[in-house]
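**Q** Keeping their order, the protein sequence lines are chains A, D, W and L. Number 119 in the working numbering belongs to position 119 of the first sequence; there are no gaps in the numbering. Number 244 in the working numbering belongs to position 51 of the second sequence; there are no gaps in the numbering. Number 546 in the working numbering belongs to position 160 of the third sequence; there are no gaps in the numbering. Number 734 in the working numbering belongs to position 155 of the fourth sequence; there are no gaps in the numbering. The C-beta atom is built at its ideal place from N, Cα and C for all residues, glycine as well. The structure presented is a predicted model; accordingly, all values stated were derived computationally and were not measured. Pasting in a structure now, in structure tokens, and then I'll have a few things to ask.
Protein chains: 4
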Amino acid sequence: MTEPSPRGRPRSEHSRRATLEATRDLLHSVGYDRLTIEGIASAAGVSRQTVYRWWGAKSAIVAEAVLDGVIILPGGVDAAGGSIAGILNAMGASLVAPENAALIRALAAAAADDPSASQALYTRMTGPTHDVLMASIAEGVQRGSLRPDIDAEVAADALIGALLYRVLTRQDSPPDYGDRLAVTLLGVLPGRV
Amino acid sequence: MTEPSPRGRPRSEHSRRATLEATRDLLHSVGYDRLTIEGIASAAGVSRQTVYRWWGAKSAIVAEAVLDGVIILPGGVDAAGGSIAGILNAMGASLVAPENAALIRALAAAAADDPSASQALYTRMTGPTHDVLMASIAEGVQRGSLRPDIDAEVAADALIGALLYRVLTRQDSPPDYGDRLAVTLLGVLPGRV
Amino acid sequence: MTEPSPRGRPRSEHSRRATLEATRDLLHSVGYDRLTIEGIASAAGVSRQTVYRWWGAKSAIVAEAVLDGVIILPGGVDAAGGSIAGILNAMGASLVAPENAALIRALAAAAADDPSASQALYTRMTGPTHDVLMASIAEGVQRGSLRPDIDAEVAADALIGALLYRVLTRQDSPPDYGDRLAVTLLGVLPGRV
Amino acid sequence: MTEPSPRGRPRSEHSRRATLEATRDLLHSVGYDRLTIEGIASAAGVSRQTVYRWWGAKSAIVAEAVLDGVIILPGGVDAAGGSIAGILNAMGASLVAPENAALIRALAAAAADDPSASQALYTRMTGPTHDVLMASIAEGVQRGSLRPDIDAEVAADALIGALLYRVLTRQDSPPDYGDRLAVTLLGVLPGRV
DNA sequence: CCCTAAGCGAGACGGTACGTCCAGTCTTATA
DNA sequence: TATAAGACTGGACGTACCGTCTCGCTTAGGG
């Protein structure tokens with residue numbers, strides 16, 4: 001029942017990791033458009049051939065980096081448990097930080113022109129936050145602290161979408177932008193749920 | 194008092210227009226990443242040198258195409274006057290149409306890696322819709338048909354952002370997605386403002 | 387019987403002259419290969435169109451510069467009247483001077499690839515010297531100071547050719563190279579005829 | 580003690596050879612001025628990048644083609660052993676042949692504008708002939724069949740230079756031009772030495 | 001203890017696009 | 001009509017990456 005046990009030299013985990021990390025760093029510093037496989041390979045200290053053997057296209061590397069957790073949506077997951085406005089404020093503040101905004105925009109570009117990887121990218125990048133928000137909202141509706149006509153999925157889309165929209169258009173969001181989102185979209189008062 | 198009257202052969206408006214239109218068509222068919230200046234020039238029947246003389250970078254061409262109205266946000270401006278849900282439904286339906294979704298994604302990619310043009314791109318692309326929405330919302334608040342705690346700017350961001358988010362993640366929006374947005378975010382009933 | 391008297395603005399002699407002089411200077415400094423019409427026009431303070439109207443090709447400009455005497459074979463004509471060895475020494479010394487050698491090489495290149503201008507170039511550049519040499523040799527033969535079997539044309543070819551060969555191969559000629567040429571080829575003793 | 584053994588794909592001798600031969604052919608047909616790296620690459624069936632990797636400038640390709648013997652001075656080396664006039668006649672006849680004259684002119688142009696390669700070009704192209712001539716002349720002097728005051732180096736320069744001069748000026752040399760050179764410059768009778 | 005299989009770095013190869021320069025041609029306003 | 005200004009097509013320049021291809025070396029099983 002064991003696996004057929006592979007022949008030959010095993011794949012180098014070190015090279016794999018170095019490639020993904022170099023990709024993350026470059027995505028960060030030069031953006032998706034100016035990201036090149038040549039640049040990734042050389043920054044990772046890996047040969048071009050090795051990159052092509054395992055990925056073949058730059059969007060595939062980006063996708064794996066995201067799925068592997070090498071690239072994480074800043075401020076997303078660990079905010080679970082707080083109030084909705086708190087989650088949004090944390091997320092907003094994090095997204096707006098220049099070092100993260102560049103990464104977000106790069107990933108938007110990657111998603112934009114890779115038909116196959118975009119959903120994977122977004123489910124991994126924004127999915128956790130999306131889930132946390134949906135859970136919080138559903139709970140609020142159930143407890144009666146939110147209007148009963150709120151559709152949790154749509155609300156989560158809108159909350160994330162608003163932040164994304166502001167990052168892509170390069171409008172900075174004031175520190176209380178999360179509060180305003182919560183009040184406006186959900187009708188909650190600051191400090192509540 | 195007249196202008197100094199320019200010397201030399203005047204710039205060809207025909208070439209300018211052909212370049213912008215070729216850019217729009219290619220953006221549409223191959224996306225931003227695979228858009229090349231060489232391809233634009235040849236599709237436009239214009240020499241590469243002419244493109245470089247006037248623009249110098251592909252993002253600049255895209256920006257001008259948008260600002261010039263050669264590329265228009267589908268279903269945006271002309272929806273003015275309808276109900277909010279109606280505007281959103283129309284916009285949503287339009288954005289989701291495959292021929293437009295590709296263009297939207299291409300523009301998101303362009304905005305993502307051109308620091309200088311992104312704001313221009315978005316203010317022209319989404320700005321009119323943004324304004325229409327804000328006006329409708331503000332009017333609704335004033336008339337009392339919307340909650341008074343709604344922040345029109347934030348609401349418009351969220352409405353557009355939600356649609357953008359779904360296009361970028363390639364989740365299609367059902368036909369009534371606009372209705373659900375309006376209900377959830379603004380608390381309006383379908384059919385009402 | 388008078389000329390038909392030209393209509394319109396007369397050709398600018400100043401532009402013509404400036405073009406030829408700029409050509410000479412550039413030929414001198416960058417050589418024939420890197421000589422460009424664009425460069426000539428701008429160095430001459432003349433528009434490109436004007437150059438094209440009157441010449442059309444860079445070799446034609448070079449040819450006219452030579453024929454017009456703007457470019458002269460250094461040390462050639464004014465050496466007339468001296469002894470043969472003296473002419474050759476003067477010519478050799480002059481050709482070897484770095485500032486002239488560059489010009490000679492440039493003209494060899496021009497002659498090499500312009501079928502129509504090469505003869506004109508050489509007859510004007512080397513012709514006078516050729517003639518002076520032939521006359522001197524013929525006179526020497528007639529006076530009996532040179533062997534009677536000397537063919538003046540062939541001898542002149544060889545004397546000039548030897549110098550040209552050394553310039554093109556970038557071997558410098560020692561100061562007494564002219565003496566050695568005269569002795570070897572004509573059998574004259576230094577200081578005689 | 581063995582060589583470090585090179586890594587990577589070995590250089591293609593086929594491409595190297597094809598490039599040099601294409602260069603020779605083009606030099607022949609279009610001359611040096613209209614010779615382009617683009618044209619060489621395409622005629623050789625080689626990518627432009629490969630040409631740039633190994634040579635970088637057209638003069639370097641020409642130089643290697645000469646040094647490698649892909650381009651040979653027509654009628655040069657193999658004439659050794661004949662009489663001086665015979666060598667000159669053979670060389671003269673060969674140089675004057677239209678297919679060779681074009682090549683000679685092209686090489687003169689190449690030598691004229693490549694400071695680094697000109698000596699290499701000429702030592703390889705004319706060097707062997709130069710040596711043969713010098714040897715023949717020195718031997719003639721030693722045997723007493725040539726005047727003792729003849730400087731073999733200068734004489735060889737002049738003999739080659741005369742032919743070169745006529746090729747560059749596009750004056751054709753009559754079939755007996757070699758005889759006339761030998762008689763005039765060396766004082767030998769046709770058929771002797 | 002070799003043998004075979006695969007991974008890997010190095011680096012050449014044919015290509016495509018880049019951004020620049022120049023060749024020629026053209027169209028305008030001015031002299 | 002000549003000229004300067006300057007836009008235009010076209011083509012070559014030299015560079016950067018692409019994706020593919022050989023090499024030699026390394027690192028594992030398995031005979």
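Kindly indicate which residue of D:347, D:198, D:258, D:367 has the alpha-carbon position closest to the one of residue 219 (chain D).
**A** Here residue 219 (chain D) is taken as the residue at index 26 of the second sequence, counted from 1. Nearest option by C-alpha distance: D:258.
**Q** Can you have a look at residue 140 (chain A) and say buried or exposed, based on whether 16 or more other CB atoms are within 10 angstroms of its CB?
**A** Numbered from its first residue, the first sequence carries residue 140 (chain A) at position 140. Residue 140 (chain A) is classed as buried because its beta carbon has at least 16 other beta carbons within 10 Å across all chains shown.
**Q** Count the other CB atoms within 10 Å of the CB of residue 52 (chain A); is the residue buried (16 or more) or exposed (fewer)?
**A** The residue given as residue 52 (chain A) occupies position 52 in the first sequence. With fewer than 16 other Cβ atoms within 10 Å, it is exposed.
**Q** My assumption, with CB atoms under 8 angstroms, is that residue 737 (chain L) sits in contact with residue 521 (chain W). Please give the rounded CB distance.
**A** As a working note, residue 737 (chain L) is residue 158 in the fourth sequence. As a working note, residue 521 (chain W) is residue 135 in the third sequence. Not a contact, Cβ separation roughly 19 angstroms.
**Q** According to DSSP, simplified to helix, strand and coil, what is residue 369 (chain D)?
**A** Residue 369 (chain D) sits at position 176 when you count from the first residue of the second sequence. Correct three-state label for residue 369 (chain D): coil.
**Q** From what residue to what residue does the alpha helix (DSSP H) around residue 200 (chain A) run?
**A** Nothing can be reported for residue 200 (chain A), as the shown portion of chain A is limited to 1 through 193.
**Q** Going by Cα to Cα distance, which pick from L:612, L:614, L:748 is closest to residue 504 (chain W)?
**A** Indexing the third sequence from 1 puts residue 504 (chain W) at position 118. It is L:748 whose Cα lies nearest to the Cα of residue 504 (chain W).
**Q** If I measure Cβ to Cβ from residue 239 (chain D) and keep anything under 7 angstroms in the same chain, skipping five residues before and after, which residues do I get?
**A** By one-based count along the second sequence, residue 239 (chain D) stands at place 46. Closer than 7 angstroms at the Cβ level, and outside the excluded window around residue 239 (chain D), lie 208, 211, 212.
**Q** Quick one: Cα of residue 499 (chain W) to Cα of residue 628 (chain L), how far?
**A** For the purposes of this step, residue 499 (chain W) is taken as the residue at position 113 of the third sequence. For the purposes of this step, residue 628 (chain L) is taken as the residue at position 49 of the fourth sequence. If I take the Cα positions, the gap works out to 27 angstroms.
**Q** With a cut-off of 8 angstroms, do at least 3 Cβ pairs link the stretch 742-759 of chain L to the stretch 667-684 of chain L?
**A** yes
**Q** What in chain A is Cβ-close to residue 317 (chain D), meaning under 9 angstroms?
**A** If you number the second sequence from 1, residue 317 (chain D) lands on position 124. Within 9 angstroms Cβ-Cβ: nothing; residue 317 (chain D) doesn't reach chain A, min ~11 angstroms.
**Q** Straight-line CA distance for residue 659 (chain L) to residue 711 (chain L)?
**A** Here residue 659 (chain L) refers to the residue found at position 80 when the fourth sequence is read from its first residue. Here residue 711 (chain L) refers to the residue found at position 132 when the fourth sequence is read from its first residue. Since pLDDT at residue 659 (chain L) reaches only 48, below the 50 mark, its modelled position is unreliable, and the value read off the structure follows with that caveat. Going from the Cα of residue 659 (chain L) to the Cα of residue 711 (chain L) covers about 6 angstroms.
**Q** Just the C-alpha distance for residue 827 (chain L) and residue 702 (chain L), rounded to the nearest angstrom, thanks.
**A** With chain L represented from 580 up to 772, any question about residue 827 (chain L) goes unanswered, as that position is not in the structure.
**Q** Restricting to runs no shorter than 4 residues, where is the alpha helix (DSSP H) found entirely within the stretch 77-114 of chain A?
**A** DSSP runs (the alpha helix (DSSP H)) wholly in the stretch 77-114 of chain A: 84-96, 98-113.
**Q** For chain W, is any of its Cβ atoms less than 9 angstroms away from the one on residue 629 (chain L)?
**A** By one-based count along the fourth sequence, residue 629 (chain L) stands at place 50. By this cut-off, residue 629 (chain L) is not an interface position.
**Q** Going by C-alpha distance, which of L:754, L:648, L:687, L:681 is nearest residue 707 (chain L)?
**A** For the purposes of this step, residue 707 (chain L) is taken as residue 128 along the fourth sequence, with counting starting at 1. Nearest option by C-alpha distance: L:648.
**Q** Using the C-alpha atoms, what's the distance from residue 215 (chain D) back to residue 77 (chain A)?
**A** The sequence position of residue 77 (chain A) within the first sequence is 77, counting from 1. The sequence position of residue 215 (chain D) within the second sequence is 22, counting from 1. Low local confidence applies: a pLDDT of 47 at residue 77 (chain A) is under 50, so the model's placement there is unreliable, with the coordinate-based value given in what follows. Distance between the alpha carbons of residue 77 (chain A) and residue 215 (chain D) is about 43 angstroms.
**Q** Check each residue of the stretch 144-168 of chain A: if its Cβ is closer than 8 angstroms to any Cβ of chain D, include it; give the result in chain order.
**A** 147, 149, 150, 151, 154, 155, 157, 158, 159, 160, 161, 162, 163, 164, 165, 166, 168
**Q** Please look up how many angstroms separate the CB atoms of residue 763 (chain L) and residue 536 (chain W), rounded, as I've assumed it's under 8 angstroms.
**A** Locating residue 763 (chain L) in the fourth sequence gives position 184, where the first residue counts as 1. Locating residue 536 (chain W) in the third sequence gives position 150, where the first residue counts as 1. Sure, about 5 angstroms apart at Cβ, within 8 angstroms.
**Q** Figure out for me which residue from A:12, A:28, A:13, A:7 has the closest Cα to the Cα of residue 104 (chain A).
**A** As a position in the first sequence, residue 104 (chain A) is number 104, starting the count at 1. Selected option, being the one with the closest Cα: A:28.
**Q** Could you name the residues of the same chain whose beta carbon sits closer than 7 angstroms to that of residue 726 (chain L), not counting the 5 residues immediately before and after it, in chain order?
**A** Looking up residue 726 (chain L) in the fourth sequence gives position 147. Spatial neighbours of residue 726 (chain L) in its own chain (CB-CB distance under 7 angstroms, excluding positions within 5 residues in sequence) are listed in chain order as 766.
**Q** Can you tell me whether DSSP reads residue 232 (chain D) as helix, strand or coil?
**A** Mapped onto the second sequence, residue 232 (chain D) falls at position 39. Of the three classes helix, strand and coil, the one that applies to residue 232 (chain D) here is helix, per DSSP.
**Q** Verify the CB distance criterion: does residue 335 (chain D) have a CB-CB separation below 9 angstroms to chain A?
**A** As a position in the second sequence, residue 335 (chain D) is number 142, starting the count at 1. Chain A, which has no Cβ nearer than 9 angstroms to the Cβ of residue 335 (chain D), makes this no.
**Q** Around the C-beta of residue 410 (chain W), are 16 or more other C-beta atoms found within 10 angstroms, so that it is buried, or is it exposed?
**A** Start at 1 with the first residue of the third sequence, and residue 410 (chain W) comes out as number 24. That one is buried.
**Q** Could you give the residue range of the alpha helix (DSSP H) that holds residue 171 (chain A)?
**A** Here residue 171 (chain A) refers to the residue found at position 171 when the first sequence is read from its first residue. Per DSSP, residue 171 (chain A) belongs to no alpha helix (DSSP H) and is neither H nor E.
**Q** Below 8 angstroms on the Cβ atoms is my contact criterion, and I expect residue 444 (chain W) with residue 457 (chain W) to pass it. Report the Cβ-Cβ distance as a whole number of Å.
**A** Your numbering for residue 444 (chain W) matches position 58 in the third sequence. Your numbering for residue 457 (chain W) matches position 71 in the third sequence. At roughly 14 angstroms, the Cβ-Cβ gap does not stay under 8 angstroms, so residue 444 (chain W) and residue 457 (chain W) are not in contact.
**Q** Grouping DSSP H, G and I as helix and E and B as strand, with all else coil, what is residue 193 (chain A)?
**A** For this step, residue 193 (chain A) is matched to residue 193 along the first sequence. Any reading at residue 193 (chain A) is ruled out, since the residue's pLDDT is 44, under 50, leaving its predicted position unreliable.
**Q** For residue 441 (chain W), does the three-state DSSP call read helix, strand or coil?
**A** On the third sequence, residue 441 (chain W) is found 55 positions in, with the first residue counted as 1. Coil at residue 441 (chain W), not helix or strand.
**Q** Residues of chain W with CB under 9 angstroms from residue 697 (chain L), in chain order?
**A** Here residue 697 (chain L) corresponds to residue number 118 of the fourth sequence, with the count starting at 1. Going along chain W in sequence order, the residues near residue 697 (chain L) (Cβ under 9 angstroms) are 491, 554, 555, 556.
**Q** Should residue 204 (chain D) and residue 248 (chain D) be called a contact, given that it needs their Cβ atoms to be closer than 9 angstroms?
**A** Here the question's residue 204 (chain D) lines up with position 11 in the second sequence. Here the question's residue 248 (chain D) lines up with position 55 in the second sequence. Cβ atoms of residue 204 (chain D) and residue 248 (chain D): not closer than 9 angstroms.
**Q** What residues from chain W crowd round residue 755 (chain L), counting only those whose CB sits closer than 9 angstroms?
**A** Looking up residue 755 (chain L) in the fourth sequence gives position 176. Here the premise fails: no neighbours, minimum Cβ distance about 10 angstroms.
**Q** Output needed for residue 559 (chain W): all residues of its chain with C-beta closer than 6 angstroms, excluding positions within five of it in sequence on either side, in chain order.
**A** Locating residue 559 (chain W) in the third sequence gives position 173, where the first residue counts as 1. Within the same chain, residue 559 (chain W) has close Cβ partners 478, 482, 552.
**Q** Buried or exposed: which applies to residue 394 (chain W), given that a residue is buried once 16 or more other Cβ atoms fall within 10 Å of its Cβ?
**A** Within the third sequence, residue 394 (chain W) is the residue found at index 8, counting from 1. Exposed: under 16 other Cβ atoms inside 10 Å.
**Q** If the cut is a Cβ gap below 9 angstroms, which residues of chain D does residue 183 (chain A) touch?
**A** Here residue 183 (chain A) corresponds to residue number 183 of the first sequence, with the count starting at 1. Chain D residues near residue 183 (chain A): 342, 343, 344, 347.
**Q** Are the Cβ atoms of residue 154 (chain A) and residue 374 (chain D) separated by less than 9 angstroms?
**A** Here residue 154 (chain A) is taken as the residue at index 154 of the first sequence, counted from 1. Here residue 374 (chain D) is taken as the residue at index 181 of the second sequence, counted from 1. Yes; because the gap between Cβ atoms is below 9 angstroms, this pair is in contact.
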